[in-house]
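To keep things clear, I will list the structure first and then write my remarks on it.
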Amino acid sequence: MKPWKIEALSLPFFYGWVIVGVGIVSMAFWFGIRASFSVFYVALLEEFSWSRGETAGIQSMSLMTYTFIAPAVGGLIDRFGPRRIIIPGILVLASGLILCSSIHTIGQFYLIYGVIVATGVTSIAIVSYSAILAHWFEKKRGLANGLAVSGMGLGTFIFVPFSQQCISFLGWRLTFVIIGGLVIVITLPLNAFLLRHKPQDLGSNPDGGKRNGLHESRKSSTKQNSSLNTDWDFKSAYKTGRFWYLMAFPFLAVIVVYIILVHHVKFLIDQGMDKSTAAFVFGVTGIISLIFRVFWGWLSDFIGRETTYTIGSVCIFLGVISLVLINISGNTQFVYPFIFFFGSGWGVTAPMFMSSAADLFKGKSFGLIYGILEGVIGIGGALGAWLPGFIFDRTQSYSGAFYAASLIILISCLFIWLAAPRKVHNTV
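Using our numbering, read the sequence shown as starting at -14 and increasing by one per residue.
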């Protein structure tokens, strides 16, 4: 299937925004499918005699698969371009989701959802579009990334309540088939026809600038900061302290995010909330995060990635504390500050991961570098998904997990300041 021929210079707008649009829709499917595990989790616990820990381990397995696949996806996109990697991945994802409808044992779930679905979904994950968008935007990088990853919030808002309704009326097996069909019908044609790897493919430049003018601007800025003179490859990047600081703050942040994402629906149901309302809470949290992903991305272009991330992390902290207060008092009214604070804080994570990484290490191997970062994020997510179930199975409470989350998110702020993307981005 050949992509449509488009001449960027003949369009009334910069084609990079089309790439952002494809990213929004694709990442809505990526994260919507991932986030919907929280409602499938409840259905699986009700149908099978599995413990919370081993059932949550399915999501952990999925995230560990992502850990190994993401660097390969990023590196392959660097080498072959996005369409040759993303299209086969979409087909694997749809096939895996449909196969999930036939599962009867936990081992089958670990294999099909934890490996096959996880392998396919990585192709439409943040790693793919980060590797692409880093080439299309520089001055408006935070805004573009924020818009693209707003799809994560959109996906949560749509897929979590949708999955819950389908499960309630049709059962979880048929719900997997429906989602697999939507993947084929929507994400496949969008990526097949509209994706382009770099603006140069259409005779354009980052941010839509003219070739000569942008070239002179970049020459001037590179004289101010030697970091911009480096066409980063992995070997050069991992020898720097900034590389390891960059790995650290997303790793810690995602532990906290997945402690909440995988378990808060079940926690709220345990507190007396009905399933549909708990799923709706998750969906609204997602839409709040959608709005704030765009806001934080835009804001970070002006006040810096570090300050923006720190403010957002404080919001996550307050959201987790809201769950602690529900756990202590039994008063579910604290769900309202949870929705706002966690939703808004969750929105800061992906835009700052993408933008900080691109500020620091954009170059010929950026897809691989960001893929490794996403692999590290996968480890953090796997730990965050598994840990609360493990704690609950032994204490019959989520308190320990929530207290740990509130501390970890504050510690993560230290590492973005040490990575210091402001020292590079401010010169662009």
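By construction, the Cβ of each residue, glycine as well, lies at the ideal position given by its N, Cα and C atoms.
Segment contact: the region 124 to 135 against the region 269 to 286, three or more CB-CB distances shorter than 8 Å; contact assigned. If you draw a straight line from the Cα of Thr292 to the Cα of Tyr383, it comes to about 30 Å. Rounded to whole angstroms, Pro191 and Val3 show a C-alpha spacing of 13 Å. Less than 8 Å divides the Cβ of Gly268 from the Cβ of Val145. Close CB contacts of Arg158 within its chain, under the 7 Å cut and outside five residues either way in sequence, are with Ser86 (chain order).
An exposed status is given to Gly188, since fewer than 16 other beta-carbon atoms sit within 10 Å of its beta-carbon. Closest in C-alpha terms to Lys347, from the list Ala119, Val106, Arg69, comes Ala119. At least 8 Å separates the beta-carbon of Ile91 from that of Ile97.
Pairing Gly99 with Phe161, the inter-Cα distance amounts to about 14 Å. In this structure, Thr104 sits near Ile54, with a CB-CB distance shorter than 8 Å.
Closest by C-alpha distance to Val305, out of Phe122, Ile393, Leu179, Gly17, is Ile393. With a beta-carbon spacing of about 5 Å, Gly59 and Val112 fall inside the 8 Å limit used to define contacts. Scanning Ile272, Leu358, Ser397, Val134 for the CA closest to the CA of Trp15 turns up Val134.
Beyond the five residues adjoining it in sequence on each side, Cys398 comes within less than 6 Å, by CB distance, of Thr295, Ser298 in the same chain, given in chain order. If you draw a straight line from the Cα of Ile143 to the Cα of Gly17, it comes to about 7 Å.
The beta carbon of Tyr114 is closer than 6 Å to those of Gly8, Ala133 in its chain, skipping five residues each way along the sequence. Minimum Cα-Cα distance from Leu395 among the listed residues Ile364, Ala233, Ile83 corresponds to Ala233. Where Ala116 is concerned, the enclosing alpha helix (DSSP H) starts and stops at 111 to 121. By the CB criterion at 8 Å, Val241 and Ala370 fall outside the cutoff. Selection Ala404, Lys224, Val10 evaluated against Asn176 yields Val10 as nearest (Cα-Cα).
Assigned with DSSP and collapsed to three states, Trp35 falls in coil, not helix or strand. Look at Asp378 here: in three-state DSSP terms it is helix. Going by DSSP, Val100 is part of no alpha helix (DSSP H) at all; its letter is neither H nor E.
By the neighbour-count definition (other C-beta atoms within 10 Å, threshold 16), Thr172 is a buried residue.
Within the model, the alpha-carbon separation for Lys260 versus Lys251 is close to 8 Å.
Each residue's CA atom was taken as its position, placing Asp378 and Leu303 some 26 Å apart. In the displayed model, Asn190 falls within coil according to three-state DSSP, outside both helix and strand. Each residue's CA atom was taken as its position, placing Leu48 and Gly282 some 25 Å apart. Phe25 has its alpha-carbon roughly 8 Å from the corresponding atom of Gln149.
Non-local beta-carbon contacts of Thr317 in its own chain, meaning distances under 8 Å to residues more than five positions away in sequence, involve Leu253, Gln256, Gly257, Met258, Ile311 in chain order.
Apart from the 5 residues on each side of it in sequence, Gln44 sits with its Cβ closer than 6 Å to the Cβ of Phe22, Val247, Ala370 in its chain, given in chain order. Residue state for Tyr0 is assigned as coil, using DSSP reduced to three classes. Taking the Cα positions, Phe219 is about 15 Å away from Val361.
Judged by DSSP secondary structure, Ala405 falls outside any alpha helix (DSSP H); it is assigned neither H nor E.
When the beta-carbon positions are compared, Ala20 and Gly140 come within less than 8 Å of each other. Less than 8 Å divides the Cβ of Ile244 from the Cβ of Ala386.
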